[in-house]
Each structure stands twice: as structure tokens, then as C-alpha cells.
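*Asks:* In our numbering, each residue's number is its place in the sequence shown (first place is 1) plus 203. Please see the structure below; I have some questions.
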Amino acid sequence: MKRLTFLCLIVLGSSLAVAGQMPKYGVTSTADKTTDFSKLKTYVWDGGWLAPDKNVHQQIQTAVDRELKALGLEKKSSGPSDVLLTYASLRRIDVDLNSKPATKDGPRRQFDVGTLVVLVLEPGTRKELYRARVDKPIEADPDKLEAIINAAVAEMFAGYPTRQSKAATKR
């Protein structure tokens, strides 16, 4: 009986270790609980770890600007503002370790994954007020990339505090 219990624990532990290594795709967001987001009205873009492709950079900024405008925030080109905005983007290649290689020593299935992190920061202190991150498989086709960016950014700001409170008051 002790052997069976020990064996079950080993199998369960191994399963959890493998599951823990699987990449998680989707959106996560966190908001500072002490900030009154309804008082934030203006923002200025600040530097960051920007997309190396100028087209992608512009698509990300345009998508974020559209979401913030829908939330009632006004973009300023410079000068004092209620918050600073920055983003970081990264493209990586994930390998599906569960796929079978075409040949004995061949490569496993690989796919491009995009990571985008958007930060809303307090001016001066640069304290994080809102952080949203998305990790998603992306198409290499540039014609499909803008739609992927727009959908990802919309998901990222779905959890923005004032959007949640507006949804709660409509019910």
C-alpha cells in the first residue's frame, strides 16, 4: 500500500512539473487598489522596450490610444499629465514538446508567440498603477498582425478599473 501511494505521488508530481512548464497564453492584468482611476484624464507616452518593427510599433500605439480614448483618457503629446504610458513587446518561438518530430532527430512543431506588456505609471514616482500583459501565438503574415494586435489590446483593457465599474453600473 505504501508503495502504491508513493508511486501515485511520484506520477502526480511529474504531471504537475510537466504542466507547470507548459506556456500559458492569454491576458493578465493588475491594478493598484489605492488609485482612483476615475480621476485619471490625461496621458503621455513614455519610452519603453518598443517593437523593433516601426509598423508594429505604430499599430500597438494606435490600438492602445483607441482603448484609452474609449475609457475617457485624452492623449497629450508632451507636458504634464495624470499618467505616463509605456509598453514592452517581445517575439519568441515556442516549441511544442508534445508534438512528434517528422523524422527521428527532426525538430518539433514551433510557432511564434508575441508578448505585450502595457504599463500605466504615476508621473514622478513611476509607480505602476495598471499593468496588462498578453501572451499569444501570432501569425507571421503581416496582413493578419494588426487584427491580432487590436484584439489583444482590447482584451488587455477589458480589465481596466473604470471599465469594470461602468459595466457594474449598467447591470
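For each residue, glycine too, the CB sits at the ideal point set by N, CA and C.
Return yes when the C-beta of E277 is under 7 Å from any heavy atom of the ligand COA, and no when it is not.
*Replies:* Only the bare structure without any ligand can be found here, which leaves the ligand COA out of the picture.
*Asks:* Exposed or buried, what is V298 when buried is set at 16 or more other beta-carbons lying within 10 Å of its beta-carbon?
*Replies:* With fewer than 16 other Cβ atoms inside 10 Å of its own Cβ, V298 counts as exposed.
*Asks:* From the DSSP output, read off the bridge partner residues of Q313.
*Replies:* For Q313, which the question treats as bridged, DSSP gives the partners V298.
*Asks:* Helix, strand or coil: which one does DSSP assign to K242?
*Replies:* helix
*Asks:* Give a yes or no on contact between the segment 339-355 and the segment 253-271, applying the rule of three or more CB pairs nearer than 8 Å.
*Replies:* yes
*Asks:* Buried or exposed for E270, please, with buried defined as at least 16 other CB atoms from any protein chain shown within 10 angstroms of its CB.
*Replies:* Taking every protein chain shown into account, the CB of E270 has 16 or more other CB atoms within 10 angstroms, so this residue is buried.
*Asks:* Using a 10 Å radius around the Cβ and a threshold of 16 neighbouring Cβ atoms, would you call Y363 buried or exposed?
*Replies:* buried
*Asks:* Which residues in the same chain have their Cβ closer than 8 Å to the Cβ of K244, if we skip the five residues on either side of it in sequence?
*Replies:* G275, L276, E277, D285
*Asks:* Am I right that V316 and R334 are in contact with their C-beta atoms under 8 Å? What's the rounded C-beta distance?
*Replies:* Taking a contact as a CB-CB distance under 8 Å, the pair V316 and R334 does not count as one, their CB atoms being some 19 Å apart.
*Asks:* Excluding five sequence neighbours on each side, which residues of the same chain lie with their C-beta closer than 8 Å to the C-beta of T289?
*Replies:* W248, D249, G250, G251, V321, L322, L324
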